[in-house]
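Numbered according to mature numbering (1 follows the signal peptide of the UniProt record, and there is no 0), the sequence shown spans residues -19 to -1, 1 to 728. Note that CB positions come from ideal geometry on N, CA and C, so glycine has one too. Below is one structure, written out as structure tokens; the observations come after it.
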Amino acid sequence: MNIKRLSACLLLLPLLSCAEPQEAKEGDVESRVNALLKQMTLQEKIGQMNQLSPFGGIEEMAGLIKEGKVGSLLNLTDPELVNKAQEIAVKESRLGIPLLMSRDVIHGYKTIFPIPLGQAATFNPQIAEDGARVAAIEASADGIRWTFAPMIDVSRDARWGRMAESCGEDPYLSAVMGTAMVMGFQGNSLNDPTSMAACAKHFVGYGAVESGKDYNSTFIPERVLRNVYFPPFEAAARAGCATFMTSFNDNDGVPSTANKFILKDVLRKEWNYDGMVVTDWASAAEMIAHGFCKDEKEAAEKAINAGVDMDMVSSVFIHNMEALVKEKKVSEATIDDAVRNILRLKFRLGLFENPYVDADQSVKYAEDHLAKAKEAAIQSAILLKNDKQTLPLTDKIRTIVVTGPLADAPHDQLGTWVFDGEKEHTQTPLKALQEMYGDKIRIVYEPGLAYSRDKQREGITKAVAAVRNADIVLAFVGEEAILSGEAHSLADLNLQGAQADLISALSQTGKPVVTIVMAGRPLTIGKQVEESTAVLYSFHPGTMGGPALVDLLFGTAVPSGKTPVTFPKMTGQSPIYYAHHHTGRAPSGQEILIDEIPLEAGQTSLGCTSFYIDAGFGPLFPFGYGLSYTTFQYNRINISADKLKTTDTLIASVDITNTGKYAGTEVVQLYIQDKVGSVTRPVKELKGFKRVDLQPGEKQTVTFSLPVSELAFWNIDMQKVVEPGDFTIWLGTNSQEGLSADFEVIN
Ligand code: BGC
């Protein structure tokens, strides 16, 4: 032990153990935090609030770490470097405070799970929790103890590339899935060395960026923030999510990184949050570009005073905070609060006891991890169409043509936000088919197009020729990974390149066409759905997408995924979501569309309702939609009472029968409608769901308990209350079909 470290230990004893690792005890964390804080100079405190990204090497940062000017590092994944950096912090800095190692581990580290939007399609929180647990086990084995996930921005506009990272359009679904991810990342206890601190991001409203263009502005009024955008974050905070990240957008003119209302009034005061708040990448400095701060100093001042604890990479804190404190623009108490939040996390993670990583390569791509990733990919696939029961494929099939740019695209099927998963481990549908069925079925591979944006048509001709001698064609289309994710917004959601031509040409052969779509968002595939006999939508399914899809195609597994977002018919319908408000002019269903409008029709002769004359008003597929190889019948909705007090719980049940030939799983969904409010209310809101497994012919009564308090919303007085009045409840197979009952809430 060197002298500095020894003296630090003496100073801090008995608060720090410098000898054998021991468990951090939650009970004494606060006293350890305070005792350590007392030892720190202002400079050291500010150092803790500084996060840097060395991207590979640490040489240029070693000096800063030694001086105690860095609290956290981003993007170090080599365990040797992690240990080296930690050693400098622990042994060479005055107080020996360990660094917090962080990384974007979004839907897997090495073993890649389906993109979060795909995971949301499972409507199965266990899948999300398992995915996050596997990610944490693999990433922590390289020393990463903090991930920037889950992303729980309610996302209602498929043009926004980051919808892929989200849990979709619904606050309730996002809250359930996001919370499950938090549990998975953080495990049983943060100080378990396989746990990673989670980060609820991006707080808040980022999913509503104008026109779906990334980094854009939002204009979300407080009531909508509270009713729609806050709930997943509140759930994450209450579930103990260790950190929060501010978002890039300015809402109604105030960048989130300087938004006191969301960071202090709501997060800290209303939700009693004691975790740590980090900015998004350089979002503090970007407030200058926003025209919200004149220079870095003002950016630092506004961010810290609004409630930010750590500055991600922009260095505005480390460069300006001391001066700001001297000038009394920032109080030392504010600095202390921020540093407390940072140190608390470090203690909770057990970093003072175990700063180093004992690199364990064996956990990466472990068999159990691959099995879980495969199950996640199976459950995330959505069957959108299955004419003539084309799927599952039977053993009568002799020749299959496999085509499309995503049939054998090991990189692209992993999806966006994959920094560490290696494509060499990806199992593609083509490879899986060849391995699993190559000895029984003739499998002909004609890619048709080399990649999703490919416009060359020669390959299409070859694919069509091959199909003429086949029983069926499996066409894997969609998006390359790079077409979704951060800074990858689109103004056109149609299939890229010549993919639409490929499907049309295949369909003209008259052979059954099974289209499988791998994408980061819902694409406008109406035409392809018409031209295909069956359509399976798998989003980007991850490392094990191939075997998962082959199991689904051959009926070893049965599809059970449901759309976590509304699928638009045309891009211009975006943003589109099921929980829209009532207008004064709801569509009647009798609207005349563009092809039928008589010449020189009178201005008001079309029916003045809320619809598009070209796209109508409905989506291509509603939220919550997804078929199975079997069929489910809903009968006999039953509710426990038709008048309930606000303190009561409504018990609602419905009988579901598997009326088909396959064992299958149905996601039963519970929606409510609050008919009249002090402000207008959504036409429907998801309030519960259950996955139910049913054998052929089996019937089950599925029961939900819905506390009436769950009907509360932020009303005209900006109070969260249940307003007495009439409600409808639906139990159904998607947001548009279900059995309903009415009830009344009384005072
Ligand atoms: C993204 C965040 C991410 C951060 C760190 C930013 O550009 O918006 O979601 O966590 O970078 O990589």
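Buried or exposed: E308, going by 16 or more other Cβ atoms within 10 Å of its Cβ? exposed
Local conformation of A281 per DSSP, three classes: helix
Can you give the beta carbon distance from T224 to A179, rounded, assuming they're within the 8 Å contact cut? 7 Å
Secondary structure at A(-12), three-state DSSP: helix, strand or coil? Note on A(-12): pLDDT 35, under 50, position unreliable in the model; no value is reported.
According to DSSP, what are the bridge partners of E666? I653
Quick one: is the Cβ of D576 within less than 7 Å of any heavy atom of the ligand BGC? no
Looking at C-alpha atoms only, which residue of Q676, N31, A538 and P95 is the closest neighbour of A145? P95
The ligand BGC and W127: does the residue's C-beta get closer than 7 Å to at least one heavy atom of that ligand? no
In this structure, what does DSSP give as the bridge partners for E647? V673
Check whether the Cβ atoms of F613 and E647 lie closer than 8 Å to each other. yes
Counting Cβ pairs closer than 8 Å, one from the stretch 131 to 141 and one from the stretch 76 to 86, do we hit at least three? no
Quick one: Cα of K241 to Cα of L675, how far? 50 Å
Taking 6 Å as the limit between beta carbons, can you name the residues of its chain near V63, skipping five residues before and five after? L57, M82, G124 and V338
Tell me which same chain residues have a C-beta within less than 6 Å of the C-beta of A263, skipping the five on either side of it? V294 and S295
Could you tell me whether the Cβ atoms of V311 and L305 are closer together than 8 Å? yes
Using beta-carbon positions only, say whether T371 and T514 come within less than 8 Å of one another. yes
Sorry if obvious, but does the Cβ on F229 come closer than 7 Å to a heavy atom of the ligand BGC? yes
Report the rounded CA-to-CA distance for E215 versus S465, giving the unit in angstroms. 27 Å
Let me check understanding here. Comparing Cα to Cα, which of G234, T103 and S147 lies closest to A362? T103
Using DSSP with H/G/I as helix, E/B as strand and the rest coil, what is E488? Position check: residue 488 holds Ser in this sequence, whereas Glu was assumed. In this structure, S488 counts as helix in the three-state DSSP scheme.
Please return the same chain residues whose Cβ sits closer than 7 Å to the Cβ of T407, not counting the five positions on each side in sequence. P391, Q394, L395 and T524
Would you report the Cα separation of V160 and Y254, rounded to the nearest angstrom? Going by the sequence as given, residue 160 is Thr instead of Val. So the alpha carbons of these two residues sit roughly 15 Å apart.
CB-CB under 6 Å to A130, same chain, minus the five flanking residues each way: which ones, in chain order? I87
Going by CA-CA distance only, name the one from M551, P410, L631 and I620 that's closest to H521. P410
Looking only at its own chain, which residues have a Cβ that is under 7 Å from the Cβ of K194, when we skip the five neighbours before and after it? S470
Cβ of H183 versus every heavy atom of the ligand BGC: is any distance shorter than 7 Å? yes
Alpha carbon to alpha carbon, how far is W127 from T714? Give it in angstroms, no decimals. 38 Å
Nearest-angstrom beta carbon gap, Q29 and V320 [assumed within contact, 8 Å]: 5 Å
Label N169 either buried or exposed according to how many other C-beta atoms from any shown protein chain fall within 10 Å of its C-beta, with 16 as the threshold for buried. exposed
Are the beta-carbon atoms of S433 and G459 separated by less than 8 Å? yes
Candidates R379, K624 and N230, of which the one nearest F200 by Cα: N230
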